[in-house]
Amino acid sequence: MSLLIKGGTIVTHEETFKADILCKDNKIVEIGSISNIPKDAEIIDATGKLIMPGGIDPHTHMQLPFMGTVAKDDFASGTVAALAGGTTTIIDFVIPNPQQSLMEAYKQWREWAEKAHSNYTFHVAITWWDESVSKDMATLTEEYGVNSFKHFMAYKNAIMATDDILVSSFTRCLELGAVPTVHAENGELVYHLQNKLLAEGMTGPEAHPLSRPSSVEGEAANRAISIANTLGAPIYLVHVSTEEAVDAIRYAKDKGHTVFGEVLAGHLTVDESVYQNTDWATAAAHVMSPPFRPKKHQDALWNGVQAGTLQTTATDHCAFCAEQKAMGKDNFAMIPNGTAGVEERMMVLWEKGVNAGKITPNEFVALTSTNSAKIFNMYPNKGCIRVGSDADLVIWNPEATKTISAKTHHSNIEHSVYEGMEINGVPETTICNGKLAWHNNTLLSKSGDGKYIDRPTYAPFYESLKKRKELNKPLAVKR
Ligand code: DUC
Ligand code: ZN
Ligand code: ZN
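Quick note on numbering: my numbering labels position 203 of the sequence shown as 241, and the sequence is numbered without any gaps.
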């Protein structure tokens with residue numbers, strides 16, 4: 039089965055040029071002026087359109103059991119939303135319960151994900167520690183294509199990784215060649231502030247951001263980076279939402295440390311005034327962690343994006359409907375944390391980034407696809423348009439317009455944090471594994487078409503980190 043995309047303009051993270059693309063099976067097999075058209079080829083006219091690598095969302099939570107309920111988008115509905123928005127691969131999270139075996143949890147998530155429409159792969163969370171966890175980390179990296187492990191520094195009494203766990207796990211990551219990632223919020227402070235606010239009678243969603251001020255993230259970001267640097271490990275901070283965390287990453291990078299930062303489309307564009315909405319359900323619909331922030335943090339995040347301090351964009355897609363949010367009617371700390379966005383991420387970045395003159399189309403590709411592919415070792419199969427790369431592509435119409443609304447989105451919830459946002463430039467066709475998956479507002483993929491992506495550890499990167507560590511090693515004094 040061949041697919042020929044004719045007459046479009048290819049945009050990669052480094053160049054922009056006009057060429058046709060021929061895909062065969064799930065690979066790109068030719069790029070150029072293609073006149074020798076295979077008999078079985080389906081032809082897509084891309085005149086006036088841009089062809090970019092399919093989006094990679096490095097941070098989603100489909101079907102996540104969390105805070106006493108389960109996220110509404112499963113791997114079917116969530117990946118339909120992804121494809122409708124031009125995203126062809128998601129990196130979701132296996133989150134074992136404390137004391138649950140990593141392998142058991144991983145197998146459970148693999149089973150849940152079999153119904154995915156888009157491609158998918160997993161970070162695995164370290165929520166507890168013993169020898170079996172250390173051993174399972176090796177099995178996951180060596181046999182199951184997992185090269186990144188996640189640590190929640192918040193969510194005390196649930197999945198929080200304390201400093202001793204961070205030290206053990208980061209050390210193990212370095213031995214195995216995996217990337218440690220962190221949700222950086224000081225869980226002790228959050229717990230203390232939640233209880234204090236509740237005791238003072240602050241029970242509504244407006245208390246949520248007060249329980250998680252920017253210093254809570256700044257402290258944890260600095261701590262996680264310091265621990266990683268001390269051990270010689272790299273570190274990736276998910277959903278960076280504050281000026282303090284951007285500063286911590288920039289400072290560490292300036293000192294030569296290997297630190298990566300991810301930012302959410304939501305944190306770049308939605309501010310904390312949403313928690314003041316007089317409608318409880320609307321305010322609660324925005325409860326996620328870290329929370330939406332005052333405007334000055336958004337400016338710092340955009341500066342971080344432009345300076346290369348933050349390299350990837352994600353969503354933390356974790357959809358809870360109004361009925362689920364109402365579980366925290368009398369206590370904001372019980373509102374399930376999470377918002378949707380996997381469908382809107384690329385459109386929001388295009389509108390508020392490219393159209394606003396903050397980033398170029400090539401930087402857009404780097405931020406929405408290539409950089410995640412590189413950091414998590416899927417490049418150049420993913421994140422680029424090259425002969426031999428996977429045929430995961432999005433055809434973007436820069437002239438088309440759209441108004442974002444929960445009435446038309448594909449997530450299973452009745453609210454959108456981007457409701458009413460006008461978009462100029464939309465994904466019209468999404469090609470996943472060489473097949474039309476989304477075309478002219480119609481879903482063409484089937485449940486189960488998505489493939490699991492193996493992400494082996496990236497040996498050259500780790501060799502260089504280990505060499506650096508060796509060079510800095512002090513010599514024992516001979517006595
Ligand atoms: N934050 C959320 O808002 N939801 C899921 C997990 C997280 O860290
Ligand atoms: Zn998080
Ligand atoms: Zn998350």
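The beta carbon of each residue, even a glycine, is placed where N, CA and C say it ideally should be.
So is the beta-carbon of residue i under 7 Å away from any non-hydrogen atom of ligand 1?
{"i": "ASP112", "result": "no"}
{"i": "GLY376", "result": "yes"}
{"i": "HIS221", "result": "yes"}
{"i": "MET385", "result": "no"}
{"i": "SER327", "result": "yes"}
{"i": "ASP354", "result": "yes"}
{"i": "HIS97", "result": "no"}
{"i": "THR160", "result": "In the sequence under discussion, the amino acid at residue 160 is Phe, which differs from the Thr named in the question. No, ligand 1 has no heavy atom inside 7 Å of this Cβ."}
{"i": "PHE330", "result": "no"}
{"i": "PHE187", "result": "no"}
{"i": "PHE104", "result": "yes"}
Hey, is residue i close to ligand 3, as in C-beta under 7 Å from one of its heavy atoms?
{"i": "VAL380", "result": "no"}
{"i": "HIS305", "result": "no"}
By Cβ distance below 8 Å, which residues in the same chain neighbour residue i in space, the five residues on each side in sequence not counted?
{"i": "LYS363", "result": "ALA319, ALA322, ALA323, VAL325, ILE373, PRO374"}
{"i": "TRP150", "result": "MET100, GLN101, ASP112, PHE113"}
{"i": "GLY242", "result": "TRP318, ALA321, PHE370"}
{"i": "ILE461", "result": "MET385, VAL386, TRP388, GLU389, THR439, LYS440, THR441, ILE442"}
{"i": "VAL108", "result": "GLN101, LEU102"}
{"i": "ARG331", "result": "PRO247, SER252, SER279, THR280, HIS305, ASP309, GLU310"}
{"i": "GLY346", "result": "none"}
{"i": "GLN336", "result": "HIS305, LEU306, THR307, ASP309"}
For a test of your reading of the model: does the CB of residue i fall under 7 Å from any non-hydrogen atom of ligand 2? Yes or no.
{"i": "SER249", "result": "no"}
{"i": "VAL276", "result": "yes"}
Given this structure, state the Cα-to-Cα distance separating residue i from residue j, to the nearest angstrom.
{"i": "ASP63", "j": "GLY463", "result": "28 Å"}
{"i": "ASP309", "j": "PRO399", "result": "25 Å"}
{"i": "THR350", "j": "THR446", "result": "27 Å"}
{"i": "LYS511", "j": "ARG288", "result": "25 Å"}
{"i": "HIS155", "j": "LEU214", "result": "31 Å"}
{"i": "GLU238", "j": "GLY366", "result": "17 Å"}
{"i": "GLU437", "j": "GLY426", "result": "30 Å"}
{"i": "LEU245", "j": "LEU231", "result": "Going by the sequence as given, residue 245 is Ala instead of Leu. Rounded to the nearest angstrom, the two C-alpha atoms are 9 Å apart."}
{"i": "ILE128", "j": "ASP78", "result": "30 Å"}
{"i": "ASP292", "j": "ALA286", "result": "10 Å"}
{"i": "SER170", "j": "SER410", "result": "29 Å"}
{"i": "VAL217", "j": "PRO494", "result": "11 Å"}
{"i": "LEU212", "j": "ALA497", "result": "11 Å"}
{"i": "LEU41", "j": "GLY299", "result": "36 Å"}
{"i": "HIS277", "j": "GLU152", "result": "27 Å"}
{"i": "SER449", "j": "HIS97", "result": "16 Å"}
{"i": "PRO472", "j": "VAL392", "result": "The sequence given here has Gly at residue 472, not Pro. Straight-line Cα distance between these residues: approximately 27 Å."}
{"i": "SER327", "j": "SER249", "result": "10 Å"}
{"i": "ALA303", "j": "ASN435", "result": "20 Å"}
{"i": "ALA394", "j": "THR307", "result": "12 Å"}
{"i": "LYS516", "j": "VAL403", "result": "54 Å"}
{"i": "GLU181", "j": "LYS173", "result": "12 Å"}
Going along the chain, which residues of its own chain have a beta-carbon closer than 6 Å to the beta-carbon of residue i, five neighbours each way excluded?
{"i": "ALA222", "result": "MET191, GLU255, ALA258, ALA259, ALA262, LEU275"}
{"i": "GLY46", "result": "ALA84, LYS87, ILE89"}
{"i": "ASP492", "result": "GLY183"}
{"i": "TYR229", "result": "LYS194"}
{"i": "SER206", "result": "TRP167"}
{"i": "GLY342", "result": "VAL284, LEU348"}
{"i": "PRO134", "result": "LEU140, ALA143, THR165"}
{"i": "PRO76", "result": "SER40"}
{"i": "VAL67", "result": "LEU60"}
{"i": "VAL338", "result": "Inspection of the sequence shows that residue 338 is occupied by Ala rather than by Val. Contacts found: GLU281, VAL284."}
Closer than 7 Å by C-beta to residue i: which residues in its own chain qualify, once you throw out the five before and the five after it? Chain order, please.
{"i": "MET384", "result": "GLY93, GLY123, GLY124, THR125, THR406, PRO465"}
{"i": "ALA283", "result": "ALA222, GLU255, GLY256, ALA259, LEU275"}
{"i": "THR296", "result": "PRO272, LEU503"}
{"i": "HIS161", "result": "ILE129, PHE131, SER186, PHE187, LYS188, THR219"}
{"i": "THR468", "result": "GLY92, LEU121, GLY124, THR126, VAL432, ALA475, TRP476"}
{"i": "GLY519", "result": "Outside the shown range of the chain (39 to 517) lies residue 519, about which nothing can therefore be said."}
Given 7 Å as the limit, tell me if residue i has its C-beta closer than that to any heavy atom belonging to ligand 4.
{"i": "PRO134", "result": "No copy of ligand 4 occurs in the structure displayed; its ligands are ligand 1, ligand 2 and ligand 3 alone."}
Handout entry: At least 3 beta-carbon pairs within less than 8 Å: the stretch 43-60 vs the stretch 305-320
Key = no
Handout entry: Validate contact between the stretch 477-491 and the stretch 353-362 using beta carbons, cut 8 Å, 3 pairs
Key = As far as the Cβ criterion goes, the stretch 477-491 does not touch the stretch 353-362, which means the pair count is below three.
Exercise for the section: Spell out a yes or no on whether the stretch 452-461 and the stretch 408-426 are touching, meaning 3 or more CB-CB pairs, one atom from each, closer than 8 Å. Expected result: Proximity of the stretch 452-461 to the stretch 408-426 falls short of the contact definition, fewer than three beta-carbon pairs being nearer than 8 Å.
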